[in-house]
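Going by the numbering used here, the letters in the sequence shown line up with residues 123 to 266, in that order.
We put the CB at the ideal spot given by N, CA and C, even for glycine.
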Amino acid sequence: MGKQNCKPVSTPLSTTQKLSVHEGTLLGPSDATNYRSIVGALQYLTLIRPDISFSVNKVCQFLHAPTPIHWMAVKRILRCLKHTMKVGLKINKSSSLLVSAFSDADWAFCLDDRRSTGGFTVFLGSNLVSWECKKTSNGVKVQH
């Protein structure tokens, strides 16, 4: 792909850009295959990099019909990974058994179906033990 010397960025997704299935022209067959391959690899990476889960979830929503706009979003995730290569999920010995949980949602952010994407994280002491990020199945409800 030739992105070894790309300019790194600190966030995996632009906070102002909303991705839509209706923007841009479809990628050609080989570019679409490349898009799907890289996004598939990013899905596996979320196992140790939950910080990119939301962004990877967003670009996964366009696997059936990727456009150059979606491809730019994938390249931004890759540029962020370049910037944060030494970041990853680490499990450390912790004297605390405190369970903490955090959640967030984008409340009907998707332009195409007005559905929300929500996520949560659960920590045991200082260690991340569970997380999820997914799009709601109906309207703007986020199940608790």
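Residues bridged to residue i by DSSP?
i, result
"Glu254", "Phe242"
"Asn249", "Leu246"
Please identify the residue among the options whose C-alpha is closest to the C-alpha of residue i.
i, options, result
"Leu233", "Ser136, Pro134, Ala187 and His144", "His144"
"Pro134", "Lys204, Leu149 and Gly162", "Lys204"
"Arg158", "Val178, Ile170 and Pro172", "Val178"
"Thr168", "Phe242, Gly210 and Phe231", "Gly210"
"Thr138", "Phe231, Lys257 and Asn249", "Phe231"
"Leu246", "Ser136, Gly240, Ser216 and Ala195", "Ser216"
"Thr258", "Val251, Trp229, Val244 and Ser248", "Trp229"
"Leu271", "Arg171, Leu149 and Ile174", "Only positions 123 to 266 of the chain appear in the structure, and residue 271 is not among them; the question remains open."
"Pro190", "Gly146, Val161 and Ser248", "Gly146"
"Pro172", "Pro151, Lys212, Arg201 and His192", "Lys212"
Does the ligand ADP have a heavy atom nearer than 7 Å to the CB of residue i?
i, result
"Leu167", "Absence of the ligand ADP from the depicted structure is noted, as is the absence of any ligand whatsoever, leaving it without description."
Item to check | Segments assigned beta strand (DSSP E), at least 3 residues, entirely inside the segment 166-238 | outcome: 221-227
Checklist entry - Within the chosen definition, does the segment 176-190 reach the segment 206-222 through at least 3 CB pairs nearer than 8 Å? => result Fewer than three pairs of CB atoms, one per stretch, sit closer than 8 Å, so the segment 176-190 makes no contact with the segment 206-222.
Next on the checklist: Count Cβ pairs between the segment 223-243 and the segment 193-207 that sit closer than 8 Å; are there 3 or more?
Outcome noted: no
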